[in-house]
């Protein structure tokens, strides 16, 4: 099957007054239609930059190298306007903060109508907005259409936004920390929505988050990033039960656990690397218990654990 | 909770300096109410002018020239605010002047505001070269001294109602352009604009529907403040003789006409002066009050 998104050796550098900063280095990644993928990593790991590269929405000072293919068409290297035309409509986005993602001056219904009108023409409008609100299980949808954003709670607004994003019938839905601004009980309901949308319309969904719990609950595949590199990529179940990269292992060990009466919080020693000091070596090596000379000399190639599970580590062969 | 909730007894107990420090006239309803009432009276006078004024603005009555206001000795109830050197009724002329002064101020503010807002929205949203060019042009306009510009325009185009508005517009549009541009730069990075752009909403539509309406709060405030400023500008021009020309009347023109008689007919200059001050202060108070009400950071 042709991948929906295919990244080949994609790197993104930012030119700054202190010299270039490597935000994403040499990422190879394919996302298949209908997949729900989680991209996990700390702040500064490059996950948001990678997403923006897929969107074609990198800031002006960013330089992209490598190739990005979308549904069999190469889109990297083309002018931004053309990229937008080619696939702007094939990608929809859900942002982190539902409080700022709706225009405060218009009722919900009018904002949905605008988006549907632009995408499908005025003929598609009648009844569609109501249908969208029903599809995301909003209570009293007729009332919501006439209400203004400030009259809805954060969870309700995020439902509206997810409904709008899925109604574009985009092939790819990018969600950047979609549940971070919501409280825990609402998170679960929002995550269920993502699954419903995928099951209904076969949309591939990429959820970027630092919350491993979100990924475990909804994603079938997880991509772990560190220091601008993909370090591990595989089925969620496999990665969570048998992580192969020392960083993934440390990350999972650092989840708070309850042992008896005590809550144990295991931190990773050291700090996130300074992006200006990254290069062709493993960015995790300064914090890694298994670090060896090779780790500092060159970033490792891919090691296949199973068919879909790959890891980038010189110590991958070593049993955990 | 603010000063308004302090009980009178507690207020008395405060040392005098503390009380003055807490004096925030815009937070009590009195001053804004007074300003609104004054503006309403002036606007009503301007609109209803021909129907409510006791005399025609230029009905000459030399027998009754330089009559003092009614409450003065020698004053007559026939001319409440007295008459000028040609026996014209001052009250009627103030009412007629309200019409011209307020119309000029309102037209200049609306026109200058529209131009400034349009330039500001486009410059702020598109950014880059368009923004730089628009802002440098507005800098250039702001740098020209107003009176010099006014005299130049009058010298080339002649004086008159339309040219006064033109002069005021030339000096006030850059203020709107700069204000709106800075607002737009903040708004265009907000998430709802990003999402509209991703969804493929055309830029013109984003500017008109999402950017422009979100700037209108501050534009309204500046607009009301600017009415006061425009009244001053128009009065200054008319006072200098390059603004409104007889037989039309404006407050500034009345000031100029009465100037030579200031020694023994104080009401010919004082009354128009008082009206100008009242009008400008009322519009300014209204503007600042609105600003405090509309801006959540002002903590009104």
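Chains as they are written, first to last, in this note's numbering: chain A, 294 to 613; chain B, 48 to 347. The beta-carbon is built from N, C-alpha and C at its ideal position, and this holds for glycine as well.
- Counting C-beta pairs with one atom in each stretch, the segment 499 to 507 of chain A and the segment 564 to 574 of chain A have fewer than three that are closer than 8 angstroms, which means they do not touch.
- Straight through space, the alpha carbons of residue 435(A) and residue 324(B) are spaced by roughly 53 angstroms.
- By the C-beta density criterion, residue 437(A) is buried, having at least 16 other C-beta atoms within 10 angstroms.
- The shortest C-alpha to C-alpha distance from residue 298(A) to any of 314(A), 367(A), 351(A) is the one to 367(A).
- For residue 577(A), there is no enclosing alpha helix (DSSP H), as DSSP gives it neither H nor E.
- Counting only runs of 4 or more residues that sit fully inside the segment 148 to 192 of chain B, the alpha helix (DSSP H) segments are 175 to 190, in chain order.
- Between residue 291(B) and residue 208(B), the C-beta spacing is below 8 angstroms.
- Within the segment 315 to 369 of chain A, the runs of beta strand (DSSP E) that reach at least 3 residues and sit entirely inside it are, in chain order, 329 to 333, 355 to 363.
- Of all residues in the segment 405 to 426 of chain A, only 407, 408, 411, 412 place a beta-carbon less than 8 angstroms from a beta-carbon of chain B.
- Exposed is the label assigned to residue 555(A), since fewer than 16 other Cβ atoms lie within 10 Å of its Cβ.
- A direct Cα-to-Cα measurement between residue 184(B) and residue 330(B) gives close to 29 angstroms.
- Between residue 309(A) and the set 327(A), 355(A), 338(A), the nearest pair of CA atoms involves 355(A).
- Annotated three-state conformation of residue 254(B) is helix, per DSSP.
- Beta bridge pairing from DSSP links residue 519(A) with 522(A).
- DSSP places residue 120(B) outside both helix and strand once states are collapsed to three, so it counts as coil.
- In the same chain as residue 457(A), and ignoring 5 residues on each side of it, the C-beta atoms closer than 7 angstroms to its own belong to 405, 408, 425, in chain order.
- Listed along chain A, the residues sitting closer than 8 angstroms to residue 248(B) by beta-carbon distance are 407, 408, 411.
- Of the candidates 106(B), 148(B), 210(B), 119(B), the residue whose Cα lies closest to the Cα of residue 320(B) is 148(B).
- Annotation for residue 279(B): 327 place their beta carbon closer than 7 angstroms to its own, counting only its chain and skipping 5 residues before and after.
- Residue 475(A) and residue 415(A) have their C-alpha atoms some 33 angstroms from each other.
- Counting along the chain, no alpha helix (DSSP H) covers residue 385(A); the unbroken beta strand (DSSP E) around it starts and ends at 384 to 387.
- For residue 468(A), the enclosing beta strand (DSSP E) stretches over residues 465 to 469.
- Boundaries around residue 404(A) are those of the alpha helix (DSSP H), 401 to 413, since no beta strand (DSSP E) includes it.
- Taken in chain order, the members of the segment 258 to 274 of chain B whose beta-carbon sits within less than 8 angstroms of a beta-carbon on chain A are 260, 261.
- Residue 225(B) is classed as buried because its beta carbon has at least 16 other beta carbons within 10 Å across all chains shown.
- By the rule that beta-carbons nearer than 8 angstroms mark a contact, residue 396(A) touches chain B.
- One finds 393 in chain A with Cβ atoms closer than 7 angstroms to the Cβ of residue 237(B), taken in chain order.
- With contact defined as three or more Cβ pairs closer than 8 angstroms, the segment 210 to 226 of chain B and the segment 160 to 175 of chain B are in contact.
- The residue among 335(A), 330(A), 305(A) with its C-alpha nearest the C-alpha of residue 577(A) is 335(A).
- Counting only residues of its own chain and dropping the five nearest sequence neighbours on each side, residue 462(A) has a CB closer than 7 angstroms to the CB of 494.
- Just measuring C-alpha positions, the residue of 178(B), 189(B), 112(B) sitting nearest residue 132(B) is 112(B).
- Annotation: residue 238(B) is outside any beta strand (DSSP E); the continuous alpha helix (DSSP H) that includes it extends over 238 to 246.
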